[in-house]
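Residue numbers for the sequence shown, in full-length UniProt numbering: 1 to 787.
The beta carbon of each residue, even a glycine, is placed where N, CA and C say it ideally should be.
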Amino acid sequence: MFQRVKQLLNDQSRRIHRYEKIVTTINSLEREMEQTSDQALRELTASLRERLQTGERIDAITPMAFALVREASKRTLGLRHYDVQLMGGLALLEGQIAEMATGEGKTLVASLASFTQALHGKGVHVITVNEYLAQRDAEQIGQIHRFLGLQVGINSAEATFEEKRIAYAADITYGVGTEFGFDYLRDHLIMEPTERLQRPLHFALIDEVDSILIDEAKTPLIMAERDSVHEGLQQLVRHVVQTFEDERDYTFDEEIKAVALTDQGIETIEEAFAIDHLFAAEHSVLFHYVIQALRAHVVLKRDVDYIVKDQKIALVDLFTGRLMEGRSLSDGLHQALEAKEGVPVTEENRTTAQITIQHYFRLYHQVAGMTGTAATSREEFQKTYGMDVVTIPSNRPKIRIDAEDVIFATRDEKLEAIALATKSAHVTGRPVLIGTSSIEQSLRVAKTLDTHELTYEILNAKTVDQEVRIIASAGQAGRITIATNMAGRGTDILLDETAQQQGGLFVIGTERHESIRIDNQLRGRAGRQGDPGLTQFYLSLEDELPRRFARDRLARVQQKVRDASGLLASRDVRDLLQFAQSTCESVNRSVRDELVQLEEVISEQRQAIYHLRNRIVDATSLEDIVQPFAGRVLPSIIDQTLSDDLVPEEWPLALVTTELEQLLHQPVTLERLETIDEMKRQLEPLIADTEALLVAHVAAEKETVKRFILLALDEQWTRHLTAMNSLKEGIHLRSYGQEQPVRIFEREGMDYFEYAIASFEKQVLSGICRAEQTHDSEGELHHAHVE
Numbered sequence: 001m002f003q004r005v006k007q008l009l010n011d012q013s014r015r016i017h018r019y020e021k022i023v024t025t026i027n028s029l030e031r032e033m034e035q036t037s038d039q040a041l042r043e044l045t046a047s048l049r050e051r052l053q054t055g056e057r058i059d060a061i062t063p064m065a066f067a068l069v070r071e072a073s074k075r076t077l078g079l080r081h082y083d084v085q086l087m088g089g090l091a092l093l094e095g096q097i098a099e100m101a102t103g104e105g106k107t108l109v110a111s112l113a114s115f116t117q118a119l120h121g122k123g124v125h126v127i128t129v130n131e132y133l134a135q136r137d138a139e140q141i142g143q144i145h146r147f148l149g150l151q152v153g154i155n156s157a158e159a160t161f162e163e164k165r166i167a168y169a170a171d172i173t174y175g176v177g178t179e180f181g182f183d184y185l186r187d188h189l190i191m192e193p194t195e196r197l198q199r200p201l202h203f204a205l206i207d208e209v210d211s212i213l214i215d216e217a218k219t220p221l222i223m224a225e226r227d228s229v230h231e232g233l234q235q236l237v238r239h240v241v242q243t244f245e246d247e248r249d250y251t252f253d254e255e256i257k258a259v260a261l262t263d264q265g266i267e268t269i270e271e272a273f274a275i276d277h278l279f280a281a282e283h284s285v286l287f288h289y290v291i292q293a294l295r296a297h298v299v300l301k302r303d304v305d306y307i308v309k310d311q312k313i314a315l316v317d318l319f320t321g322r323l324m325e326g327r328s329l330s331d332g333l334h335q336a337l338e339a340k341e342g343v344p345v346t347e348e349n350r351t352t353a354q355i356t357i358q359h360y361f362r363l364y365h366q367v368a369g370m371t372g373t374a375a376t377s378r379e380e381f382q383k384t385y386g387m388d389v390v391t392i393p394s395n396r397p398k399i400r401i402d403a404e405d406v407i408f409a410t411r412d413e414k415l416e417a418i419a420l421a422t423k424s425a426h427v428t429g430r431p432v433l434i435g436t437s438s439i440e441q442s443l444r445v446a447k448t449l450d451t452h453e454l455t456y457e458i459l460n461a462k463t464v465d466q467e468v469r470i471i472a473s474a475g476q477a478g479r480i481t482i483a484t485n486m487a488g489r490g491t492d493i494l495l496d497e498t499a500q501q502q503g504g505l506f507v508i509g510t511e512r513h514e515s516i517r518i519d520n521q522l523r524g525r526a527g528r529q530g531d532p533g534l535t536q537f538y539l540s541l542e543d544e545l546p547r548r549f550a551r552d553r554l555a556r557v558q559q560k561v562r563d564a565s566g567l568l569a570s571r572d573v574r575d576l577l578q579f580a581q582s583t584c585e586s587v588n589r590s591v592r593d594e595l596v597q598l599e600e601v602i603s604e605q606r607q608a609i610y611h612l613r614n615r616i617v618d619a620t621s622l623e624d625i626v627q628p629f630a631g632r633v634l635p636s637i638i639d640q641t642l643s644d645d646l647v648p649e650e651w652p653l654a655l656v657t658t659e660l661e662q663l664l665h666q667p668v669t670l671e672r673l674e675t676i677d678e679m680k681r682q683l684e685p686l687i688a689d690t691e692a693l694l695v696a697h698v699a700a701e702k703e704t705v706k707r708f709i710l711l712a713l714d715e716q717w718t719r720h721l722t723a724m725n726s727l728k729e730g731i732h733l734r735s736y737g738q739e740q741p742v743r744i745f746e747r748e749g750m751d752y753f754e755y756a757i758a759s760f761e762k763q764v765l766s767g768i769c770r771a772e773q774t775h776d777s778e779g780e781l782h783h784a785h786v787e
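This is the structure in structure tokens:
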């Protein structure tokens with residue numbers, strides 16, 4: 001372990017030393033830049049672009065490019081990049097993560113790498129955590145880029161297709177990561193090349209990279225269409241599940257927030273619905289609704305995972321505390337939540353396309369990121385994304401004081417101590433920021449402050465529209481702010497004079513978060529750019545982490561301190577809370593690792609489908625794509641129907657003939673031969689005739705056939721995603737022995753995929769044959785679906 005730490009420090013030291021040498025070169029160009037006219041700066045930009053696009057290496061033009069950006073920033077914004085900001089820009093340019101303390105000007109740092117990478121002419125996407133910051137950065141930092149002759153675009157959720165097209169055509173495009181991901185999915189539902197928005201994904205620069213690539217990693221981006229709702233079944237399941245008791249009918253793993261039926265619970269369902277075997281294929285819909293109802297009632301908590309707003313369920317991002325606007329849970333879980341809360345039940349969604357944030361950003365040629373808190377997740381970034389974390393020195397020394405945690409036996413004691421500490425700071429004029437992990441916890445803190453007649457503002461998912469105002473003023477003398485994890489990331493907390501004199505912002509943490517990285521984010525709200533500040537966590541043995549992740553240890557510690565009151569200072573107590581947090585981090589990391597592996601299976605299948613779909617969309621001729629279908633589909637009917645285990649006289653030849661006739665929409669005659677290979681060879685003339693028919697029809701009805709093929713592919717992919725999500729949903733229930741769930745998912749997922757491809761080819765073949773027989777191509781193809 002010591003050797004690894006030593007190696008890391010050496011690597012960091014060498015990298016920083018190399019950056020310092022490049023910064024020296026950049027600084028040597030500053031006087032020359034200052035004496036260059038505006039027009040000449042733009043001409044230099046064009047020259048660098050030409051050099052890069054004609055094959056020169058990017059490191060050869062980097063000093064000049066950075067010097068250009070620094071000078072343009074001075075002329076447009078009046079801001080000069082510090083040397084440490086240049087170093088941060090160099091880390092980004094190399095596709096690494098620049099870890100820079102809060103207030104070090106990461107937004108200005110991004111201007112360096114985004115400009116230099118944009119000179120490739122392949123497009124740069126700058127990813128922010130919300131649309132306000134995308135708009136702000138595009139307007140502010142965009143002044144630098146536009147001054148130097150580059151085009152800047154904003155990709156917003158409300159933008160029209162034409163506005164998005166212009167934004168994506170720009171040299172640098174700002175926006176929220178989820179919107180770029182959704183546009184990627186939309187690009188693979190188009191019918192014509194002109195409907196495609198994105199170019200090949202070249203370079204992404206991600207602000208708050210840990211929030212987006214780690215905290216949001218488990219959240220899939222889902223495109224969905226309305227599906228038929230089994231409303232009666234859903235309501236019946238809900239009534240049964242409401243009678244369930246923990247441990248008797250189900251088990252709930254608080255560590256990974258997973259729920260599973262017990263034998264008693266399975267029996268209860270089987271008796272209620274008068275069935276013999278809940279896990280039988282014909283009861284898959286029922287099993288699905290049971291699990292979703294359990295998740296809604298047991299796993300998801302109001303004012304933690306979601307809120308009820310205007311008679312609708314609004315999801316809350318657990319790591320930022322923000323509402324996930326326009327997002328809903330898929331596969332009936334959202335409807336189960338609506339039923340639980342007694343709000344109108346919306347139509348169920350059926351997934352038509354999906355991708356995780358992790359896998360979307362792994363599609364880029366290169367990704368870079370910046371944040372104040374990434375070092376503790378360095379191994380995960382290296383393993384999952386191939387990105388290293390480079391810790392950039394701060395411009396001014398940090399003088400913030402991070403005080404030792406104070407710990408109490410009960411939550412009520414903790415809340416009272418928080419109120420007293422807040423009141424003590426408040427009377428001096430010192431501003432206080434109280435960080436909480438949920439809306440529920442914010443309200444508890446607020447209620448306690450009320451008993452002391454303290455005035456405060458709350459920032460959470462219910463007040464997000466006021467986020468910038470609340471956080472921007474949180475550093476003013478006498479202010480008390482309660483905030484969920486979001487704590488206004490991206491907005492600086494500026495201290496007024498009185499706040500400076502009173503020791504700066506006092507940040508109070510009310511509970512350890514699921515990752516020490518998120519604790520550090522909260523601490524980082526104080527002490528920006530050499531400001532004074534104080535941070536301290538107030539904890540209790542009744543907090544969520546020790547209860548979820550250290551239950552046995554917790555019981556022993558509580559036994560030891562059962563008569564204690566006030567502060568708990570024993571080593572056992574501190575070790576318990578540290579153990580709970582490290583265990584939580586380990587569990588979450590394992591969940592993310594497994595998710596990456598499970599999603600990798602779907603990702604490979606998605607890439608195959610999207611490659612085929614793009615070929616179809618862009619094809620000037622479809623004959624080469626469609627012609628081979630006959631040679632694969634017709635023999636497969638022989639393989640699926642006839643068996644070597646039977647003698648030829650026992651083969652169901654009539655079944656083969658009937659299926660071929662239904663598929664080809666014409667009479668078929670087959671002789672009973674001696675082997676399956678001979679039966680297949682007997683099909684060769686029929687295959688040749690069918691291939692000729694396909695080629696002729698495709699040539700004559702190209703546009704109609706193209707649309708039909710794309711719709712058929714989308715239909716089979718949608719069915720396949722539903723099947724894969726159901727397989728993933730139950731994969732842990734079926735893992736036994738030494739076989740890993742991922743291996744089972746990979747093997748059975750491939751079977752599912754091969755079936756989906758075969759069904760697609762069969763659907764296309766049947767539809768074209770039917771259309772050719774009826775001479776009513778458009779109408780027949782529109783309705784040609786093979787179940």
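Reference S643; option with closest CA among V656, R632 and I212: Translated into positions along the sequence shown, residue 643 becomes position 643. When each option's Cα is compared against that of S643, the closest is V656.
Alpha carbon of L90 to alpha carbon of E71, nearest angstrom: The sequence position of residue 90 within the sequence shown is 90, counting from 1. The sequence position of residue 71 within the sequence shown is 71, counting from 1. One C-alpha to the other measures close to 17 Å.
C-alpha distance - A723 paired with M191, whole-angstrom precision: Position 723 of the sequence shown, counting from 1, holds the residue named residue 723. Position 191 of the sequence shown, counting from 1, holds the residue named residue 191. Their Cα atoms are separated by approximately 25 Å.
Inter-residue spacing [alpha-carbon to alpha-carbon] between H365 and I508: Locating residue 365 in the sequence shown gives position 365, counting from the first residue. Locating residue 508 in the sequence shown gives position 508, counting from the first residue. If I take the Cα positions, the gap works out to 41 Å.
Endpoints, alpha helix (DSSP H) assigned at T178: What you label residue 178 is simply residue 178 of the sequence shown in a count that begins at 1. Element bounds for T178: G177 to R186.
Inter-residue Cα distance where the pair is F708 and T510: Counting from one through the sequence shown, the residue named residue 708 turns up at place 708. Counting from one through the sequence shown, the residue named residue 510 turns up at place 510. Distance between the alpha carbons of F708 and T510: 58 Å.
Other residues of its chain near R327: CB distance less than 7 Å, five sequence neighbours each side excluded: Taking the sequence shown and counting its residues from 1, the one referred to as residue 327 is at position 327. Excluding residues within five positions, the ones whose Cβ falls inside 7 Å are L315.
Within the segment 425-495, ranges of the alpha helix (DSSP H) (whole runs, at least 4 residues): Counting only unbroken stretches of 4 or more residues, the alpha helix (DSSP H) elements lying wholly within the segment 425-495 are 439-451 and 467-472, in sequence order.
Residue span of the alpha helix (DSSP H) that contains L201, given as start and end: By 1-based counting over the sequence shown, the position of residue 201 is 201. Premise fails: L201 is in no alpha helix (DSSP H) and is neither H nor E.
As assigned by DSSP and simplified to three states, the class of R512: Numbered from its first residue, the sequence shown carries residue 512 at position 512. Note: R512 maps to coil in three-state DSSP.
Span of the alpha helix (DSSP H) around M750: For the purposes of this step, residue 750 is identified with residue 750 of the sequence shown, where counting begins at 1. In the DSSP annotation of this structure, the continuous segment of the alpha helix (DSSP H) that includes M750 starts and ends at P741 to T774.
Check whether I493 and R528 have beta carbons under 8 Å apart: Stepping through the sequence shown from its first residue, residue 493 is reached at position 493. Stepping through the sequence shown from its first residue, residue 528 is reached at position 528. A contact, by the Cβ cut-off of 8 Å.
Extent of the continuous beta strand (DSSP E) run through Q536: Position 536 of the sequence shown, counted from the first residue, corresponds to residue 536. Segment G533 to S540, the beta strand (DSSP E) holding Q536.
For A353 and F629, the rounded distance between their alpha carbons: Within the sequence shown, numbered from 1, the residue matching residue 629 stands at position 629. Within the sequence shown, numbered from 1, the residue matching residue 353 stands at position 353. Near 25 Å, if we compare the C-alpha coordinates of A353 and F629.
Residue burial classification, H81 (beta-carbon count within 10 angstroms, cutoff 16): Residue mapping note: residue 81 aligns to position 81 of the sequence shown, counting from 1. Taking all protein chains shown into account, H81 has 16 or more neighbouring C-beta atoms within 10 Å of its C-beta and is therefore buried.
I97 vs V304 beta-carbon contact at 8 Å: As a position in the sequence shown, residue 97 is number 97, starting the count at 1. As a position in the sequence shown, residue 304 is number 304, starting the count at 1. No, the Cβ-Cβ distance between I97 and V304 is not below 8 Å.
Run of the beta strand (DSSP E) containing Y306, from where it starts to where it stops: Along the sequence shown, one-based indexing puts residue 306 at 306. Note, Y306: beta strand (DSSP E), Y306 to K309.
Neighbourhood of A204 by C-beta distance below 7 Å, restricted to the same chain and skipping five residues each side: Position 204 of the sequence shown, counting from 1, holds the residue named residue 204. Here the set comprises H125, I127, F361, Y364 and V367.
For N155, three-class secondary structure by DSSP: Here residue 155 is taken as the residue at index 155 of the sequence shown, counted from 1. DSSP, read as helix, strand or coil, puts N155 in strand.
Simplified DSSP state of H785, which is helix, strand or coil: Position 785 of the sequence shown holds residue 785. Any reading at H785 must be qualified, since the residue scores a pLDDT of 48, below 50, and its modelled position is unreliable; no value is offered.
Span of the beta strand (DSSP E), counted from its first residue to its last, around G369: Taking the sequence shown and counting its residues from 1, one reaches residue 369 at position 369. Where G369 is concerned, the enclosing beta strand (DSSP E) starts and stops at Q366 to T371.
G504 versus V23, K164, C584 and V432, residue with shortest Cα-Cα distance: As a first step, residue 504 is located in the sequence shown; it is residue number 504 there, counting from the start. Residue nearest to G504 within the set V23, K164, C584 and V432 is V432 (criterion: CA-CA distance).
Inter-residue spacing [alpha-carbon to alpha-carbon] between A403 and F506: Indexing the sequence shown from 1 puts residue 403 at position 403. Indexing the sequence shown from 1 puts residue 506 at position 506. Rounded to whole angstroms, the separation of the alpha carbons of F506 and A403 is 11 Å.
Distance CB(T371)-CB(E104) smaller than 8 Å: On the sequence shown, residue 371 is found 371 positions in, with the first residue counted as 1. On the sequence shown, residue 104 is found 104 positions in, with the first residue counted as 1. T371 is not a Cβ neighbour of E104, given a cutoff of 8 Å.
Rounded C-alpha distance that separates L522 from G232: Numbered from 1 along the sequence shown, position 522 holds the residue referred to as residue 522. Numbered from 1 along the sequence shown, position 232 holds the residue referred to as residue 232. Cα to Cα, the separation comes out at about 46 Å.
C-beta atoms of A758 and S590 nearer than 8 Å: By one-based count along the sequence shown, residue 758 stands at place 758. By one-based count along the sequence shown, residue 590 stands at place 590. It is not a contact, given that the beta carbons lie outside the stated cut-off.
C-alpha gap between P63 and A550, whole angstroms: By one-based count along the sequence shown, residue 63 stands at place 63. By one-based count along the sequence shown, residue 550 stands at place 550. CA-to-CA, the gap between P63 and A550 works out to about 52 Å.
Residue nearest to E338 in terms of C-alpha spacing, selected from E254, S73, Y456 and Q234: Counted from its first residue, the sequence shown places residue 338 at position 338. Of the listed residues, the one whose Cα sits closest to E338 is Q234.
Alpha carbon of residue 800 to alpha carbon of V69, nearest angstrom: Outside the modelled stretch of the chain, which goes from 1 to 787, sits residue 800, for which no answer is possible.
Through-space distance from I625 to D677, alpha-carbon basis: Counted from its first residue, the sequence shown places residue 677 at position 677. Counted from its first residue, the sequence shown places residue 625 at position 625. Straight-line Cα distance between these residues: approximately 26 Å.
CB-CB length for S540 against K414, believed under 8 Å: Numbered from its first residue, the sequence shown carries residue 540 at position 540. Numbered from its first residue, the sequence shown carries residue 414 at position 414. Confirmed, Cβ separation roughly 4 Å.
R302, DSSP secondary structure in three states: In the sequence shown, the residue the question calls residue 302 occupies position 302. Reduced to three states, the DSSP call for R302 is strand.
Where T251 falls: helix, strand or coil (DSSP): Position 251 of the sequence shown, counting from 1, holds the residue named residue 251. The answer is strand: DSSP assigns T251 an E or B state.
Alpha helix (DSSP H) segment containing I144, residue limits: By one-based count along the sequence shown, residue 144 stands at place 144. Per DSSP, the continuous alpha helix (DSSP H) segment holding I144 begins and ends at G142 to F147.
Where E225 falls: helix, strand or coil (DSSP): In the sequence shown, residue 225 corresponds to position 225, counting from 1. In the three-state DSSP reduction, E225 falls in the strand class (E or B).
Where N99 falls: helix, strand or coil (DSSP): Indexing the sequence shown from 1 puts residue 99 at position 99. The question names Asn, but residue 99 is Glu in the sequence shown. Correct three-state label for E99: strand.
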